[in-house]
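Asks: I'd like to ask you about the structure that follows.
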Amino acid sequence: MKQLYNGLGIVSSLIALALGYLQLKIFLNHEELSDDEIFYLRFIKISGYPILLCFFIWTSWIYIKRKYFTKSSPQE
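In the working numbering, the protein residues as written are 2 to 77.
This is the structure we're talking about:
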């Protein structure tokens, strides 16, 4: 489970970096986007945002579950 968690973290980080790079390139307007970059931007927006949202919801659920729903063992 920890490997899956780490893998999702890496994937979501790469998606966020790619989105940030392309958005920064658009906002700064240093150069025009090529057709390939426009395709990648659309693809990343369509597939990347739901992945990031699912990762955020999943990590939030794990945090809430660990904080509020785990039984603490009584200390003797």
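Ideal placement from N, C-alpha and C gives every residue a C-beta, glycine not left out.
Look at the alpha carbon of Ala17 and the alpha carbon of Leu53, and state the distance between them as a whole number of angstroms.
Replies: 8 Å
Asks: Taking Ile45 as the reference, give the member of Gly21, Ile63, Thr60, Gln4 with the closest Cα.
Replies: Gly21
Asks: Using C-beta distances below 8 Å, list every residue in its chain close to Leu25, excluding the 5 sequence neighbours before and after it, in chain order.
Replies: none
Asks: Since Leu29 contacts Leu42 with CB under 8 Å, what's their CB separation in whole angstroms?
Replies: Not really, about 14 Å apart at Cβ, beyond 8 Å.
Asks: Mark Ser35 as exposed unless 16 or more other C-beta atoms lie within 10 angstroms of its C-beta, in which case mark it buried.
Replies: exposed
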